[in-house]
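In this text, residue positions in the sequence shown follow the numbering used here: the first is 51, and each later residue adds one.
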Amino acid sequence: MDRRTFTQGFGLLTAGVLLPVGNVYAKTYLTVEQAKNILWGEMSMSPRLVELSKAQMKSIRASSKVRVRNPRPQVWKTANGGWFIVDQVIGKHENIDMAYALEANGSVRGLEILSYRESYGDEVMNPKWRAQFSGKDHRQRLKLDHQIKNISGATLSSRHITEGINRLTQTWEQVLRHL
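If you want it as structure tokens, here you go:
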């Protein structure tokens, strides 16, 4: 082996050892079944097949100011007419898996975070912060720093969860309430 080949190989090996490697953080807090139990207790519910048309997606986007990324939301209807929805929002870079409960009138009963993949900003797990959404519905478009308090260090996650609530309450108003 000549000196040049050795030096290049040694340089690559050293760079591989010394360069920081990005850590991947992912924390699963709840399964879908656990979230159902927290949000609805023992209430019976049945899955509903929902496929949003392009026109519905466009209308939901226009009223919520949030793009609909998934035309097939995971939706269950409860025995008392409420709704349980599993959805995703973007944190800063990664998806946050969420579970939402809406009352029969479309108001927010509660929300739970199933999985959080960001390396920081998990303060959105705070029950007091999430409780701000209870009782909110499609009639008001929620804004961070107005109706919903921001969390410093978790601004993008806070904003995107708020937008997710706006999108889902508009989905209830335009689609789910008619099922």
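Where a beta carbon is used, it is the ideal one built from N, C-alpha and C, also for glycine.
For G214, the enclosing alpha helix (DSSP H) stretches over residues T205 to Q224.
Shown here for M175: same chain residues with a beta carbon closer than 8 Å to its own, the five before and five after excluded, namely Y79, I163 and Y166 in chain order.
Between the segment 186-193 and the segment 140-159 there are three or more inter-stretch CB-CB distances shorter than 8 Å, so the stretches are counted as touching. The beta-bridge partner set that DSSP reports for W126 consists of P97 and F134. Annotation: the continuous beta strand (DSSP E) that includes E162 extends over V158 to Y166. Taking the Cα of L206 as reference, the smallest distance to any Cα among D172, T219 and H196 is reached at D172.
Between the beta-carbon of F134 and that of L89 there is about 6 Å, and that keeps the pair under the 8 Å contact cut. Taking the Cα of F183 as reference, the smallest distance to any Cα among Y150, S109 and A204 is reached at Y150.
The Cβ-Cβ distance between I198 and T212 falls below 8 Å.
C-alpha of N145 to C-alpha of L218: approximately 16 Å in a straight line.
In terms of Cβ geometry, M107 and P97 do not form a close pair [threshold 8 Å]. The Cβ neighbour count for E101, taken over all protein chains shown within 10 Å, is under 16; the residue is labelled exposed. Taking all protein chains shown into account, H210 has 16 or more neighbouring C-beta atoms within 10 Å of its C-beta and is therefore buried. Taking each of A76, R227 and M95 in turn and checking the Cα distance to E83, the smallest one comes out for M95. Using a Cβ distance threshold of 8 Å, I215 and L192 count as a contacting pair.
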